[in-house]
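Below you'll find the structure, written out as structure tokens, and then a few comments.
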Amino acid sequence: MARPAYDIAVIGGGILGLAAAMELTKRYTGLGVVVLEKEARVGAHQSGHNSGVIHSGLYYQPGSAKAELAVRGARLLVDFCAAHDIPHEVCGKVVVATTPAELPRLEELLRRGRANGVAGLRAIGAEELRELEPHAAGLGGLHVASTGIVDYGAVVEAYRRLCEARGGELRLGAPVRAIRPGREGLELHTGAGMVAARYAINCAGLYADRIAALAGREPSLRIVPFRGEYYVLRPERRTLVRNLIYPVPDPRFPFLGVHLTRRIDGRVEAGPNAVLALRREGYRWRDLDLGEAWETLSYGGFWRLARRYWRTGGGEVVRSLSRRAFARALQRLLPAVEASDLVRAGAGVRAQALDSNGSLVDDFRIEESERMIHVLNAPSPAATASLCIGAAIADRAAAWLGPPGDAPPD
Numbered sequence: 004m005a006r007p008a009y010d011i012a013v014i015g016g017g018i019l020g021l022a023a024a025m026e027l028t029k030r031y032t033g034l035g036v037v038v039l040e041k042e043a044r045v046g047a048h049q050s051g052h053n054s055g056v057i058h059s060g061l062y063y064q065p066g067s068a069k070a071e072l073a074v075r076g077a078r079l080l081v082d083f084c085a086a087h088d089i090p091h092e093v094c095g096k097v098v099v100a101t102t103p104a105e106l107p108r109l110e111e112l113l114r115r116g117r118a119n120g121v122a123g124l125r126a127i128g129a130e131e132l133r134e135l136e137p138h139a140a141g142l143g144g145l146h147v148a149s150t151g152i153v154d155y156g157a158v159v160e161a162y163r164r165l166c167e168a169r170g171g172e173l174r175l176g177a178p179v180r181a182i183r184p185g186r187e188g189l190e191l192h193t194g195a196g197m198v199a200a201r202y203a204i205n206c207a208g209l210y211a212d213r214i215a216a217l218a219g220r221e222p223s224l225r226i227v228p229f230r231g232e233y234y235v236l237r238p239e240r241r242t243l244v245r246n247l248i249y250p251v252p253d254p255r256f257p258f259l260g261v262h263l264t265r266r267i268d269g270r271v272e273a274g275p276n277a278v279l280a281l282r283r284e285g286y287r288w289r290d291l292d293l294g295e296a297w298e299t300l301s302y303g304g305f306w307r308l309a310r311r312y313w314r315t316g317g318g319e320v321v322r323s324l325s326r327r328a329f330a331r332a333l334q335r336l337l338p339a340v341e342a343s344d345l346v347r348a349g350a351g352v353r354a355q356a357l358d359s360n361g362s363l364v365d366d367f368r369i370e371e372s373e374r375m376i377h378v379l380n381a382p383s384p385a386a387t388a389s390l391c392i393g394a395a396i397a398d399r400a401a402a403w404l405g406p407p408g409d410a411p412p413d
């Protein structure tokens, strides 16, 4: 058995894995940290396929980890971007109620946002809504001045640079295929050779449950991939949207509904929907992995979810297949938009944890096993909260490493 060459191996070179590695190398001078990323670049999946929004913390249950970390994380992320010249803008957004039935849910959002300490949050009427977003339609809404937009790819690269500048290492093309006990630690067998480390942190995103299983911990949840597809407005129609326009979300789901978002490069995106992906990295309908599809379709929790919400799921599939249906969903918020204004763009895949009862796990979930920390559920707003989540992981690792300072002794 190999003696550990590293103190900590971080599995996953997305925004959370790099945030954790960056924080650890900041706290512990000389700590041996290696990040193992299976792709040829960092941030290749969820971190590089999201909507680019700095979330305010509006939607989440007061007292939840999402609420606390999103509100604090948004402030920290804006400061980080300013300090490192990363393109970003705190532009604000509106959440629009389009029917009388949505007004009580809008009130609940206002209550939650205030309980969570969301800055710049206020109720607005239909007239002020038109002043903020002249082409939006609604009975009223919320204005959330603290919402922003950012290039998360640039954030990921900044985390990587800081980690490496402090002595951390990055190994690309190194998928972890087995985890075994080693001499004074763990042996992580990858596609690029074996890595010995005293401890490991699982930030594998779409494969977090599989990595936990490799380490001998069968999690009580399953990652189910949901693809979110986007359109963009044609350049000549971008003036329909000034900043960000969101619907009032369905409280039964952790998804926010089809919305319109100005990106930091000036594009205006519409989406995402939420359809079941038949591959964990399935960005298109034709992306199929029979083994991964079977993992989902043979899971009892999935069928319990499907029986409850098959109508909702069917509507998402229709919007995926029909540009006109997608446009009709947008017209509730933006009546002037037409199907001809929409051009298909990219897609992202959300690693959504689902428990055996068929419930979508709403809050962040971080668990521990022998010599490992597992980030098992970290969907949106994890990118917004990445600095806080990285710090929370480092706090847990302190139980192994001791108080911050020089690297712990061998």
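Following this note's numbering, the numbering of the sequence shown begins with 4 at its first residue and continues without gaps.
For every residue, glycine included, the Cβ atom is placed at its ideal position computed from N, Cα and C.
Just so it is clear, the structure is predicted and the values come from calculations on it, not from any experiment.
Check, Outcome
"Coarse secondary structure for I57, derived from DSSP in three states", "strand"
"Candidates L27, V244, L142, R225, of which the one nearest G95 by Cα", "V244"
"Touching by the beta-carbon criterion (3+ pairs, under 8 Å), the stretch 42-51 and the stretch 223-233", "no"
"Nearest-angstrom Cα separation, counted from G303 out to E111", "32 Å"
"Exposed unless 16 or more other CB atoms sit within 10 angstroms - verdict on S54", "buried"
"Per DSSP, cross-strand counterpart(s) of K41", "Answer is none; K41 lacks a bridge partner."
"Three-state secondary structure assigned by DSSP to D358", "strand"
"Reduced DSSP category for D82 - H, G, I as helix; E, B as strand; rest coil", "helix"
"Pair within 8 Å by beta-carbon distance, A157 and I89", "yes"
"Local conformation of D344 per DSSP, three classes", "helix"
"Backbone secondary structure at I392 - three-state DSSP", "helix"
"8 Å Cβ cutoff, S383 in contact with chain D", "In summary, chain D is missing from the structure at hand, where a single protein chain is found."
"Under 8 Å between C-beta atoms of G143 and L113", "no"
"Proximity to E92 [Cα-Cα], best of N380, R265, H377", "R265"
"Host beta strand (DSSP E) of A184 (start-end)", "Before going on, a small fix: residue 184 reads as Pro here, not Ala. Its beta strand (DSSP E) spans residues 179-185."
"S372 - containing beta strand (DSSP E), residue span", "368-372"
"Rounded straight-line distance, which links the Cα of L345 to that of I248", "16 Å"
"Per-residue burial, E373 [other beta carbons within 10 Å of its own, 16 or more giving buried]", "exposed"
"Nearest candidate by alpha-carbon position, reference R240, set L337, G33, P65", "L337"
"Where G405 sits in the DSSP three-state scheme", "coil"
"Residue burial classification, L191 (beta-carbon count within 10 angstroms, cutoff 16)", "buried"
"Sufficient close CB pairs (3 or more, under 8 Å) joining the stretch 59-78 to the stretch 208-223", "no"
"Close beta carbons around G171, own chain, < 6 Å, minus the five adjacent residues each side", "A24, T28, V36"
"C-beta contact flag for V251 and A100 at 8 Å", "yes"
"Anticipated Cβ contact below 8 Å, V378 with L19, distance rounded", "6 Å"
"Assigned exposure category for G360 - 16 Cβ within 10 Å defines buried", "In the sequence under discussion, the amino acid at residue 360 is Asn, which differs from the Gly named in the question. By the neighbour-count rule (16 or more Cβ atoms within 10 Å), N360 is not buried but exposed."
"DSSP three-state assignment for R230, whether helix, strand or coil", "strand"
"Burial state of R201 (16 or more Cβ within 10 Å)", "buried"
"Endpoints, beta strand (DSSP E) assigned at N380", "375-380"
"Completely contained alpha helix (DSSP H) runs for the stretch 260-330, where each covers 4 or more residues", "293-300, 303-324"
"Which of helix, strand or coil DSSP assigns to R245", "coil"
"Length of the line joining the Cα atoms of E130 and A273", "24 Å"
"Separation of P238 from G151, as counted between CA atoms", "21 Å"
"Nonlocal neighbours in the same chain, by C-beta distance under 8 Å from L79, ignoring five residues either side", "L390, C391"
"C-alpha gap between A479 and A177, whole angstroms", "Outside the modelled stretch of the chain, which goes from 4 to 413, sits residue 479, for which no answer is possible."
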